[in-house]
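A.B. asks: Here you go, one structure.
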Amino acid sequence: MDKKYFFAVLCALTLTCWADQTRPKKPNIVLILVDDLGWQDVKCYDIGAPSPMETPNLDALAKKGVKFWQAYSPAPVCAPSRAAILSGHHPARGEMTSVAGGFPPHAGHPTNSAQIQPWYSSRMPLKTFSLAEAMKAQGYRTGHSGKWHISKNHYAYPQPFHHGFDYSVHKRGVQVPMLPDRLSGFATNDPKDPYRLDENGMPFDQPQEGAMTFIKENQDKPFFLYYATWLVHSPLVMRSEALLKKYEKKLGLTLRDEHKKTWSKKGQSNPFYCAMVEQLDYYLGQVFTHLEETDDPRWPGHKLVENTYIIFTSDNGGMEGTSSEIYTDNYPLDHGKISIKEGGVRVPFIISGPGISQQAESQVMVNGLDLYPTILSLIGAPKPPGKKFDGCDLTPLLKNNVNKAELIVNSQGKVRDSLLWHFPQSQSASAIRIGDYKLIRYYNDNKAPELYRLYQGPKASPQRRDIEEKINLANQMPEKVQELNTQLANTIAEMGGRLPYGNPNFSGPLANKEKAPKVLSHQLIGDQVQFTYQSNGAQVVKADLMYTPNGGSRDEEWLRLSAKILDDNKVLVTLPAQTSHYYLNLIDENNFLAIYPELDNIQRRKLGSSFSTQALKADLAPLKKGPPINFQDEFTQIKKLKGKVFISEDFEAAELPTDLSFTQGLSLSKNDSASGSQSLQFFESKELKQDWMPMLSYGLKIPSMDINSQFLISFNFKLDEDKPGKLSLVLRDHSSGERRILTELTLEKGAIKANGRPVIPISPGVWYKFDLSFHTGSKNTHFFKLSATSANGDSLSAEIPYLQYHFNMPDLIGFVGLGNEGSSIYFDNLIIRTQD
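So this is what it looks like as structure tokens:
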């Protein structure tokens, strides 16, 4: 053999072996969760009439990995599915079973409603060790782009940063209404157009740009991207006129003025929706292409895609439409989103990556709950200590025989053969699938259970029998109904799931309603409440405290806490810190719910009031007794402490200090605006009284040496006893180029409020020393502390999360008078400082 050739071959083999041996141990993860995409909306899943939608990039992804035919979402609506995927907990266990939760249980009508829906959370609890936190613990950079929807509203606390994400682009992008309408508000080539078209005629989308930016900025390290695009959720709009016209022609349609808001033709015929699906595919193709064409900085000679797992699925089945517009059709599946029929929970599900079978199709049942344990397994990470997974690790299946169901085992080491959905709100039903059979159990007395056999034949290659769910076998197979119903009930109970309650005040006949308990009275002592109830024959089995920390605010949110059932018909509970309002719920052995105080939802809605208006009111913060204080002495002592004082002002001079600036008016929100004369008054010297003083602002320049320190603000204030004013404290951070706010803080009659939530009670006519502090830089906890101390030494305090997570060090502080005309709030002894 030629020696040069031999040497070249040897070198090549050596380099190849070296490259294989140095594959980065931590592969990248790209988890793509699309919104409301139906099982039949992806071309490669098409099994009936040909789908008009074109998805070439997703079809190509399916050929590079495993495509699952029997894949399901954890819930038939988006919020609980998203929380389940990121927490690893079934919606029943995670107490988030529907969307827009966080309300106390209540009857729709006090006497006309036979059932009461159980409470469900509006957020994923902070105590949850999320998938992002697990990835961070393994050294990954974690990014989110797109939809969040696992807090009270899309932008409420807690946000992605609170659950372990280093990076988040929380924008809707193209998924907002077009102006003036969807037939004329198209994107253009103008560089100033926020939806400017790219070289291929596709509109700019912020979540897509965010996803691409995260990958590009972090591809030199292991990364986890949770790309939760808003597509293809409503509104149905298409900003690319060319793409819309393509489907108008392909479908043989002519769009008219009536289609600006409606679409009535059945089937997969809506050109706006079809174009949105292709738009989604285009954006995902950009992600795939970048991974395929970009060199891996951690693995020279290889592309990023060679060490990246790509996971694609939908949060629930396709939304078939509303009363005014048909979106799509999930046929042959029945129904769609908001239903636990197959059309509402069966979803596309594709996984590709190193070591995973290619061009493979699996008939094994899988679920979005499987993603958390599977991702940890794919990166070689152990299960977090004490973590409960309701899903299974799919890795043995993905890397071996993709149709061998025996490879999927649950946390007990048993082969999984069942999946469950719990939806006690809206549809008031639950469902379980065991093997080929699926049972749907309704909680309305007039709806009998339904049993369907979806498949028949061997597990590895089952044959369709009734995935349409048309043939109800319940009457023919009562034993099978009983078998599945028992397992359904036992599993929900094990997870702590709640069923719809009976309403004891229902005017119609309900068995055992007369035996339901009735709460008679309560006594509040400090932070403990003791309730006394009357037993009417049924045993009380659960007692729940329903409480809110922000009663009366526009984002009033209710949480649940178990109370202790005592002897002698009593219940005891300790109110959580910062509780503002609360109810007691008693559930008896017949599942009837007694609410105290009684809640009249019809009256509440008639008045347009919040649930807190009929609830019991709590003290806002625990009072601590201390020695009396002298405000002037306190001011003098604080000035002597170690650290840097940026401003120290007792307003004793005949003139206001020159380093403070005053401006005429400021609006903090839609509800608050600067108004009224003499709202903010600096007292010790009468000469300082102004006819109009709505805002005092102070610009700060913090030296770099003080970045990692504690920031503190202290001042004295008093609300006028007869005409109490209102003061807003504003802290802004512009260091990043964006305006970030620590909190929306107001001092007003009744309470100090943070982000609209009362946190510390205060009274007019009383002088208080106010203190606010937080850590900056590396010591930043993303919480700040408040306290108010009166002259007699009574002190109240609270700890509150930042309104905007990335707030660090303020460069502007403002005090804004927002009181009505003639009202006053008195202000003195201001100190702004830092200390180590």
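In UniProt numbering, the protein residues as written are 1 to 836.
Just so you know, even glycine gets a beta-carbon here, dropped at the ideal spot from N, CA and C.
Isoleucine 338 by DSSP, collapsed to three states: which one?
C.D. replies: Working through the sequence shown from its first residue, we reach residue 338 at position 338. Note: isoleucine 338 maps to coil in three-state DSSP.
A.B. asks: Taking its Cβ as the centre, do 16 or more other Cβ atoms sit within 10 Å of threonine 636, making it buried, or is it exposed?
C.D. replies: Locating residue 636 in the sequence shown gives position 636, where the first residue counts as 1. It is exposed - the Cβ of threonine 636 has fewer than 16 other Cβ atoms within 10 Å.
A.B. asks: Mark leucine 599 as exposed unless 16 or more other C-beta atoms lie within 10 angstroms of its C-beta, in which case mark it buried.
C.D. replies: Looking up residue 599 in the sequence shown gives position 599. The residue in question, leucine 599, is buried, as its Cβ has 16 or more Cβ neighbours within 10 Å.
A.B. asks: Report the residue ranges of all beta strand (DSSP E) runs contained in full by the region 392-480; include only those spanning at least 3 residues, in chain order.
C.D. replies: Whole beta strand (DSSP E) segments, 3+ residues: 418-423, 429-434, 437-442, 450-453.
A.B. asks: What is the residue span of the beta strand (DSSP E) that tyrosine 273 lies within?
C.D. replies: Here the question's residue 273 lines up with position 273 in the sequence shown. Premise fails: tyrosine 273 lies in the alpha helix (DSSP H), 271-293, not in any beta strand (DSSP E).
A.B. asks: In the DSSP assignment, what residue or residues form a beta bridge with histidine 144?
C.D. replies: Numbered from 1 along the sequence shown, position 144 holds the residue referred to as residue 144. Paired residues: Ser168, Tyr226.
A.B. asks: Taking 8 Å as the cut-off, decide whether the C-beta atoms of serine 728 and leucine 745 are in contact.
C.D. replies: Mapped onto the sequence shown, residue 728 falls at position 728. Mapped onto the sequence shown, residue 745 falls at position 745. Going by C-beta atoms, serine 728 is nearer than 8 Å to leucine 745.
A.B. asks: When you compare each of Lys64, His89, Leu742 to tyrosine 372 by their alpha carbons, which one comes out closest?
C.D. replies: Reading the sequence shown from its first residue, position 372 is the one you call residue 372. Ranking the options by Cα distance to tyrosine 372, first place goes to His89.
A.B. asks: Would you call the CB atoms of proline 549 and glutamine 578 closer than 8 Å?
C.D. replies: Here residue 549 is taken as the residue at index 549 of the sequence shown, counted from 1. Here residue 578 is taken as the residue at index 578 of the sequence shown, counted from 1. The answer is yes: Cβ separation under 8 Å.
A.B. asks: With DSSP as the reference, label leucine 126 as helix, strand or coil.
C.D. replies: Counting from 1 along the sequence shown, the entry for residue 126 is found at position 126. Coil.
A.B. asks: Distance, Cα to Cα, aspartate 771 vs serine 778?
C.D. replies: What you label residue 771 is simply residue 771 of the sequence shown in a count that begins at 1. What you label residue 778 is simply residue 778 of the sequence shown in a count that begins at 1. Taking the straight line joining both Cα atoms gives about 22 Å.
A.B. asks: Which partner residues does proline 761 have in the DSSP bridge list?
C.D. replies: As a first step, residue 761 is located in the sequence shown; it is residue number 761 there, counting from the start. DSSP lists Ala751 as partners of proline 761.
A.B. asks: Run the CB neighbour count on asparagine 792, radius 10 Å, all protein chains shown included, and call it buried at 16 or more, exposed below.
C.D. replies: Position 792 of the sequence shown holds residue 792. Asparagine 792 should be labelled exposed.
A.B. asks: Residues in its own chain within less than 8 Å of isoleucine 471 by CB, not counting five upstream and five downstream?
C.D. replies: Numbered from 1 along the sequence shown, position 471 holds the residue referred to as residue 471. Once the five neighbours on either side are set aside, the close Cβ partners of isoleucine 471 are Tyr452, Arg453.
A.B. asks: Roughly how many whole angstroms lie between the Cα atoms of phenylalanine 827 and glycine 108?
C.D. replies: Taking the first residue of the sequence shown as 1, we reach residue 827 at position 827. Taking the first residue of the sequence shown as 1, we reach residue 108 at position 108. Rounded to the nearest angstrom, the two C-alpha atoms are 48 Å apart.
A.B. asks: Who pairs with proline 801 in a beta bridge, going by DSSP?
C.D. replies: Taking the first residue of the sequence shown as position 1, residue 801 is located at position 801. Answer is Phe783.
A.B. asks: Please state if the CB of glycine 725 and the CB of serine 823 are separated by a distance shorter than 8 Å.
C.D. replies: For the purposes of this step, residue 823 is identified with residue 823 of the sequence shown, where counting begins at 1. For the purposes of this step, residue 725 is identified with residue 725 of the sequence shown, where counting begins at 1. Yes. Within cutoff.
A.B. asks: Verify whether the separation of the beta carbon atoms of alanine 594 and lysine 542 is less than 8 Å.
C.D. replies: The count along the sequence shown starts at 1 and reaches residue 594 at position 594. The count along the sequence shown starts at 1 and reaches residue 542 at position 542. Contact: no.
A.B. asks: Below 8 Å, can you find three or more Cβ-Cβ pairs linking the region 757-765 to the region 706-725?
C.D. replies: Contact between the region 757-765 and the region 706-725 is present, because at least three Cβ pairs lie under 8 Å.
A.B. asks: Assuming valine 30 contacts leucine 225 (C-beta within less than 8 Å), just tell me the rounded distance between them.
C.D. replies: Here residue 30 is taken as the residue at index 30 of the sequence shown, counted from 1. Here residue 225 is taken as the residue at index 225 of the sequence shown, counted from 1. The Cβ separation is near 5 Å, so the contact holds.
A.B. asks: Using a Cβ-Cβ cutoff of less than 7 Å, which residues in the same chain neighbour asparagine 536 once the five nearest sequence positions on both sides are dropped?
C.D. replies: Taking the first residue of the sequence shown as position 1, residue 536 is located at position 536. Counting only Cβ-Cβ distances below 7 Å, and skipping sequence neighbours, we find Glu514, Lys515, Ala516, Pro517, Lys518.
A.B. asks: Once DSSP output is grouped into helix, strand and coil, what is the label at threonine 491?
C.D. replies: Your numbering for residue 491 matches position 491 in the sequence shown. The answer is helix: DSSP assigns threonine 491 an H, G or I state.
A.B. asks: For aspartate 672, which residues of its own chain have a beta-carbon under 6 Å away from its beta-carbon, when the five flanking residues on both sides are left out?
C.D. replies: Within the sequence shown, residue 672 is the residue found at index 672, counting from 1. For aspartate 672, the predicted structure reports a pLDDT of 28, less than 50, and the residue's modelled location is therefore unreliable. A value from the coordinates is still provided. The residues are Leu818.
A.B. asks: For aspartate 329, count neighbouring C-beta atoms within 10 Å of its own C-beta (all shown protein chains included) and say buried if the count is 16 or more, exposed if not.
C.D. replies: Translated into the one-based positions of the sequence shown, residue 329 becomes position 329. Aspartate 329 comes out buried.
A.B. asks: Can you tell me the Cα-Cα spacing of tyrosine 327 and lysine 26, whole angstroms?
C.D. replies: Numbered from its first residue, the sequence shown carries residue 327 at position 327. Numbered from its first residue, the sequence shown carries residue 26 at position 26. Each residue's alpha carbon lies about 41 Å from the other.
A.B. asks: Less than 8 Å separating the beta-carbons of valine 277 and aspartate 41?
C.D. replies: Residue 277 sits at position 277 when you count from the first residue of the sequence shown. Residue 41 sits at position 41 when you count from the first residue of the sequence shown. Against a cut-off of 8 Å, the Cβ pair of aspartate 41 and valine 277 comes out as a contact.
A.B. asks: Can the beta-carbon of isoleucine 310 be found closer than 8 Å to that of glycine 355?
C.D. replies: The residue given as residue 310 occupies position 310 in the sequence shown. The residue given as residue 355 occupies position 355 in the sequence shown. Not a contact, by the Cβ cut-off of 8 Å.
A.B. asks: In terms of residue numbering, what span does the alpha helix (DSSP H) encompassing threonine 213 cover?
C.D. replies: If you number the sequence shown from 1, residue 213 lands on position 213. It spans 206-218 - the alpha helix (DSSP H) in which threonine 213 sits, taken as one unbroken run.
A.B. asks: Can you tell me the Cβ-Cβ gap for valine 402 and valine 409, rounded? I've got them flagged as a contact below 8 Å.
C.D. replies: Numbered from 1 along the sequence shown, position 402 holds the residue referred to as residue 402. Numbered from 1 along the sequence shown, position 409 holds the residue referred to as residue 409. Valine 402 to valine 409, Cβ: 16 Å. No contact.
A.B. asks: Could you tell me whether the Cβ atoms of aspartate 370 and glycine 344 are closer together than 8 Å?
C.D. replies: Looking up residue 370 in the sequence shown gives position 370. Looking up residue 344 in the sequence shown gives position 344. Cβ atoms of aspartate 370 and glycine 344: not closer than 8 Å.
A.B. asks: The alpha helix (DSSP H) that contains methionine 135, what's its start and end?
C.D. replies: Counted from its first residue, the sequence shown places residue 135 at position 135. Looking at the DSSP string, the run of the alpha helix (DSSP H) that includes methionine 135 is 131-137.
A.B. asks: Assess contact between the region 145-160 and the region 73-84, defined as three or more Cβ pairs (one per stretch) separated by less than 8 Å. Is contact present?
C.D. replies: With the cut-off at 8 Å, the region 145-160 and the region 73-84 touch.
A.B. asks: What residue range does the beta strand (DSSP E) around lysine 570 cover?
C.D. replies: On the sequence shown, position 570 is the one that residue 570 refers to. Here the beta strand (DSSP E) through lysine 570 covers 570-574.
A.B. asks: Hey, glutamine 804 and arginine 740 are a contact pair by Cβ (cut 8 Å); roughly how many whole angstroms apart?
C.D. replies: By 1-based counting over the sequence shown, the position of residue 804 is 804. By 1-based counting over the sequence shown, the position of residue 740 is 740. Yes, glutamine 804 and arginine 740 are in contact; Cβ-Cβ is about 5 Å, under 8 Å.
A.B. asks: When you compare only the Cα positions, how much space is there between serine 426 and valine 34?
C.D. replies: Here residue 426 corresponds to residue number 426 of the sequence shown, with the count starting at 1. Here residue 34 corresponds to residue number 34 of the sequence shown, with the count starting at 1. Between serine 426 and valine 34, the C-alpha separation is close to 23 Å.
A.B. asks: Less than 8 Å separating the beta-carbons of histidine 290 and methionine 238?
C.D. replies: Indexing the sequence shown from 1 puts residue 290 at position 290. Indexing the sequence shown from 1 puts residue 238 at position 238. Cβ atoms of histidine 290 and methionine 238: not closer than 8 Å.
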